[in-house]
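Beneath this line is the structure, given in structure tokens, with notes to follow.
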Amino acid sequence: MIDCPQEPGAPRANAGGAGARPAPNFPKYKPEFLAKVKDLSDRQVQTDTLLQCQAPGVPRIGPPHKIVQNAREVVFLYDDVNGAFFRIIPTDGRPHRNGLPASYLGDAIGHFEGDTLVVETVNFNEETWLIDNGAFHTKDLKVVERLRRVGDTVEYQATAYDPSVLAEPWTTRPRTLKLTDQELEEPARCEDQDLEHIIDGSHHDNPR
Numbered sequence: 111m112i113d114c115p116q117e118p119g120a121p122r123a124n125a126g127g128a129g130a131r132p133a134p135n136f137p138k139y140k141p142e143f144l145a146k147v148k149d150l151s152d153r154q155v156q157t158d159t160l161l162q163c164q165a166p167g168v169p170r171i172g173p174p175h176k177i178v179q180n181a182r183e184v185v186f187l188y189d190d191v192n193g194a195f196f197r198i199i200p201t202d203g204r205p206h207r208n209g210l211p212a213s214y215l216g217d218a219i220g221h222f223e224g225d226t227l228v229v230e231t232v233n234f235n236e237e238t239w240l241i242d243n244g245a246f247h248t249k250d251l252k253v254v255e256r257l258r259r260v261g262d263t264v265e266y267q268a269t270a271y272d273p274s275v276l277a278e279p280w281t282t283r284p285r286t287l288k289l290t291d292q293e294l295e296e297p298a299r300c301e302d303q304d305l306e307h308i309i310d311g312s313h314h315d316n317p318r
């Protein structure tokens with residue numbers, strides 16, 4: 111079992127907000143989809159399901175806070191602002207499951223390449239974003255995450271493949287996570303009853 115809290119200063123899964131400028135490492139969309147990205151970003155308070163207490167999706171949820179492993183599977187546990195999510199990832203060679211409904215966290219399978227855990231996830235719904243600022247995806251999204259233990263740290267990076275809308279695969283910045291014995295705490299209840307009070311970036315004198 112490995113505890114992997116976020117590194118100091120790392121952005122949370124829901125960092126940013128409506129009207130915020132896209133991060134320098136923003137997915138590259140095909141030209142015909144740029145207007146949709148801008149529209150979703152401009153209306154993020156209304157269109158971002160993360161602000162309505164839904165699961166962040168992958169890779170937006172980021173690396174796990176805790177990893178539990180046995181002979182057949184790996185379990186990722188998350189200490190996320192929207193709840194205590196978990197993902198069960200088979201590592202015994204079984205394929206993706208057929209006939210499952212699309213979901214926020216998709217269907218994951220994993221395998222080891224040397225000392226690197228490789229997780230492939232498919233079958234996402236279209237409710238989540240890859241990152242803030244309108245970075246939508248389609249049902250064709252596939253995400254490949256790579257985790258490697260180096261001493262008392264875990265290196266994490268993810269790549270999103272969605273050729274329907276992305277001009278090229280998008281890879282997150284590499285993350286290095288410190289191993290600790292920190293325990294997961296029960297998250298506060300997430301309610302969307304204050305959604306109407308969230309300030310849209312367009313209401314600021316100096317919108318981000």
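Numbers in our numbering are just positions in the sequence shown, counted from 1, shifted up by 110. We treat Cβ as the ideally placed atom computed from N, Cα and C, and that holds for glycine.
- Exclusion of the five residues before and after Val254 leaves Glu230 and Thr269 as the residues of its chain whose Cβ lies within less than 6 Å of its Cβ.
- Arg285 and Tyr266 do touch by the CB rule: their CB atoms are close to 4 Å apart, below 8 Å.
- When C-beta atoms of the stretch 157-166 are compared with those of the stretch 217-231, fewer than three pairs fall below 8 Å, so the two segments do not count as touching.
- Residue environment for Pro141: exposed (fewer than 16 other C-beta atoms within 10 angstroms of its C-beta).
- The criterion of a C-beta distance shorter than 8 Å is satisfied by Gly216 and Val168.
- As a beta-bridge residue in DSSP terms, Val229 pairs with Gly220 and Glu255.
- Distance check between Val260 and each of Ile219, Ala277, Pro200 and Leu287 places Leu287 closest, using alpha-carbon atoms only.
- Under DSSP, the beta-bridge partners assigned to Ala268 are Glu255.
- Following the DSSP letters along the chain, one finds Thr157 inside the alpha helix (DSSP H) bounded by residues Gln154 to Thr157.
- Lys146 and Gly244 have their alpha carbons spaced roughly 8 Å apart.
- Judged by beta-carbon spacing, Phe246 lies within the 8 Å limit of Leu150, meaning their Cβ atoms are closer than that value.
- If you draw a straight line from the Cα of Tyr139 to the Cα of Glu278, it comes to about 8 Å.
- Annotation: the continuous beta strand (DSSP E) that includes Gln179 extends over Lys176 to Gln179.
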